[in-house]
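Position one of the sequence shown corresponds to residue 1 (my numbering), numbered consecutively onward. Backbone N, C-alpha and C fix where the C-beta goes; we use that ideal spot for every residue, glycine too.
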Amino acid sequence: MSLKSILESVRFTATFAAFLGMAGLLASVPVPAADATEEREPVQILFTNVNIFDGFKDKLSPGMSVLVEDNYIKEVGKFIKAPDAYIVDGKGRTMTPGLIDMHQHVMLNPPEGTAAYQTRWDGAAGGAYTQHHLVNNILLKGITTVRDIAGDPLDIAKAIDMGQLPGPRIYSSGGAISQTGGHGDWAGRNVPADVLHNHKDMAQATQNTWVVNGPDQVTEAVRMNLRRGAAFIKAMGGGGVASEFDPLEIMGLAKDEVARAVEIAADNGTYVATHAYHEDSYNRLMDLGVRSFEHGFLVTEPTVKRMASRGQDVVWSFQCFMSVNTFGDYDAMPGFFTHEQKVKGVAVGKGARNAAKLMNKHNVFTIGGSDMFGIRFVERIKEDITCNVDAGYTAAQALKHWTGNAGIVLKWSGPKNPYPIYDLGTIKKGAYADLLLWNGNPLDDIKLILDEERLEFIMKDGLVYKNTMVEADHPHFRPARSPSTRGQYPL
Ligand SMILES: [Zn+2]
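Rendered as structure tokens:
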């Protein structure tokens with residue numbers, strides 16, 4: 001069997017078919033017939049002599065082997081027999097799961113960030129910026145999955161899963177749902193009311209956000225997102241830093257609006273994530289069944305204890321770098337922020353250090369999400385992980401927030417999970433083959449993850465996107481290619 005057909009059969013039978021199957025589209029979308037049903041030997045790659053961080057434990061398992069078959073991990077052990085496998089000598093490198101950024105906005109990467117589509121850029125330019133960063137600042141830096149939590153990369157995600165574009169796995173909420181004047185209302189002050197009400201503002205026209213009023217409009221927005229492939233729903237539960245009309249102290253969507261979002265999400269087997277800062281928001285949203293709590297930098301200890309008592313039913317999503325490093329300092333904030341936005345950011349920076357301390361103290365189930373978008377920040381995403389250590393977590397906890405715990409939350413998408421077959425964020429039998437090899441042990445020195453030369457190997461879905469370790473001309477060694485261009489990435 002040729003390399004070409006191996007590549008195509010792996011892509012189309014595994015990921016692509018699973019994705020289309022989940023979206024209920026198999027019947028109507030023509031799947032390339034070539035290799036979909038052809039019998040073939042599975043492709044195996046055996047990694048030997050690696051020290052494994054499995055996504056959870058606080059120590060490495062030394063001297064291990066990992067057998068990858070097609071796009072998943074078939075076996076992990078001291079000695080694995082796989083006579084037909086192509087062997088990658090790990091030379092004592094550290095193997096970790098691919099990193100997972102649980103709070104990204106991949107469509108908001110033009111220079112103006114959230115205001116990207118108001119004046120200077122159209123959706124096509126937004127897509128070009130997005131694809132550039134998905135490859136160069138996300139996938140090729142070892143972030144093999146992103147949870148996109150406002151914005152509309154749903155068709156870019158589809159093209160990636162079809163093997164037409166390179167990029168990370170994307171779990172997207174589709175457009176975030178906000179009340180008029182809330183954190184998702186990015187329209188200019190003078191946009192006429194009838195334009196806003198008819199969803200004709202540019203951010204809404206490109207479905208990067210939904211501005212709604214009343215439960216019925218929430219229903220429509222949630223269902224539209226889910227129809228297009230959203231894996232979960234993002235609802236605005238309070239004021240924000242990067243928006244113009246909403247002080248941090250306000251509540252966001254009304255109770256009946258949030259309840260409706262939770263109801264429709266639950267009807268579809270998935271969940272609601274929320275943007276909120278203070279405890280009135282957090283407690284109201286917990287009462288209403290929201291599960292993923294972003295930010296939360298103004299909460300106090302009783303609320304933190306309440307979250308802890310819910311175990312892994314709810315999660316705190318920590319945006320460390322943007323709050324602790326960036327929002328702490330007025331002058332360090334993005335140039336496109338107004339004075340009022342910068343003042344809000346300073347308050348958040350102060351609260352973030354305190355929130356991290358409390359969440360850690362009470363062992364609240366936590367994930368890491370950078371919220372780092374826009375040209376100044378997207379190149380530095382992994383500093384959000386090292387920031388976790390600056391904020392008092394151990395290196396193992398920091399990595400767990402970005403791997404094992406993240407993988408648990410990704411499963412909450414249930415039938416809307418675009419990658420439903422195996423687990424993500426962990427190195428174990430029955431996980432997707434998303435893995436990294438590092439020269440050095442990040443549990444001893446977390447900062448080494450910022451040195452790209454020490455990231456020597458990147459595999460996503462069984463395909464290799466970066467490799468400085470072995471000769472790459474063996475037919476079982478599968479560099480990432482696109483069926484349409486036959487090119488090897490990076491181009
Ligand atoms: Zn965000």
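Comparing alpha-carbon positions, which option in the options lies nearest residue i?
i: I250; options: A396, Y277, G98 and A431; result: Y277
i: W412; options: R376, V314, E301 and L437; result: V314
i: D451; options: K460, D390, I421 and T386; result: T386
i: G269; options: N136, L226, S309 and G127; result: L226
i: Q179; options: H476, T119 and F245; result: F245
i: R169; options: I458, I264 and L139; result: L139
i: G214; options: G175, D84 and V258; result: V258
i: Q131; options: R120, N441 and Q164; result: Q164
i: L435; options: K158, K141 and A85; result: K141
i: V299; options: M286, D287, Y282 and A308; result: Y282
i: M202; options: K357, V290, D122 and N360; result: D122
i: T94; options: V262, F321 and I458; result: I458
i: V470; options: P42, I87 and R40; result: I87
i: N363; options: N71, V346, K305 and I381; result: K305
i: K460; options: A82, D58 and D161; result: D161
i: A125; options: M107, L134, V135 and T114; result: M107
i: P302; options: N137, T145 and L358; result: L358
i: G335; options: A355, G289, I143 and A115; result: A115
i: P62; options: V68, D70 and F53; result: F53
i: T394; options: A356, K416 and I381; result: A356
i: N137; options: K57, G151, D152 and G167; result: G167
i: A231; options: G414, F321 and N405; result: G414
i: Q217; options: R228, A235 and I100; result: A235
i: F79; options: G113, R120, M64 and E69; result: M64
i: K361; options: S309, K382, V346 and G369; result: S309
i: I100; options: L399, D445 and T468; result: L399
i: V68; options: L60, K57, D84 and K59; result: D84
With which residues is residue i paired in a DSSP beta bridge?
i: R284; result: Beta-bridge pairing links R284 to no other residue.
i: I87; result: L46
i: Y432; result: Y72
i: G55; result: Paired residues: none, contrary to the question.
i: A210; result: Checking the displayed sequence, the identity of residue 210 turns out to be Trp instead of Ala. According to DSSP, which records beta bridges pairwise, W210 is partnered with I177.
i: I100; result: T145
i: L455; result: W438
i: T366; result: W316
i: I233; result: V272
i: F477; result: None, per the DSSP bridge assignment.
i: G63; result: None; G63 has no bridge partner.
i: K416; result: K416 is not bridged to any residue.
i: E294; result: H275 and S317
i: R306; result: Answer is none; R306 lacks a bridge partner.
i: T94; result: N51 and W438
i: S172; result: D148
i: K460; result: L463
i: M251; result: G238
i: D423; result: A431
i: G77; result: S65
So residue i packs on residue j, CB below 8 Å; how close in whole Å?
i: F318; j: H401; result: 7 Å
i: R147; j: Y171; result: 5 Å
i: K429; j: I73; result: 6 Å
i: L455; j: A480; result: Going by Cβ atoms, the distance from L455 to A480 rounds to 16 Å, so no, they are not a contact pair.
i: I156; j: Q312; result: Between Q312 and I156 the Cβ distance is about 30 Å, and since that is not below 8 Å, they are no contact.
i: N109; j: F337; result: Actually they are not in contact, since the Cβ atoms of N109 and F337 sit about 16 Å apart, beyond 8 Å.
i: G494; j: V50; result: A query on residue 494 cannot be resolved here, the shown segment of the chain reaching from 1 to 491 and no further.
i: L443; j: A472; result: In fact, because the Cβ distance is near 29 Å, the residues do not count as touching under 8 Å.
i: H103; j: E294; result: 6 Å
i: Y422; j: A431; result: 5 Å
i: V43; j: R478; result: 7 Å
i: G127; j: L154; result: Not confirmed; about 11 Å, so no contact.
i: R353; j: V389; result: With a Cβ gap of about 13 Å, R353 and V389 do not count as contacting.
i: H105; j: I149; result: 7 Å
i: T145; j: G98; result: 6 Å
i: A433; j: N71; result: 5 Å
i: I264; j: V222; result: 4 Å
i: E383; j: F321; result: 5 Å
For ligand 3, is there any heavy atom lying closer than 7 Å to the beta carbon of residue i?
i: I177; result: Absence of ligand 3 is noted for the structure shown, with ligand 1 being the only ligands found.
Taking one C-beta from the segment 373–386 and one from the segment 267–277 each time, how about it: are there three or more such pairs within less than 8 Å? Flag = no, the segment 373–386 and the segment 267–277 do not touch.
Please determine if the segment 225–242 and the segment 337–346 are in contact, where contact requires at least 3 C-beta pairs separated by less than 8 Å. yes
Assess, as a yes-or-no matter, whether the segment 176–190 is touched by the segment 204–223 under the definition of 3 or more beta carbon pairs within less than 8 Å. Contact check between the segment 204–223 and the segment 176–190: three or more CB pairs, one atom from each, fall below 8 Å, which counts as touching.
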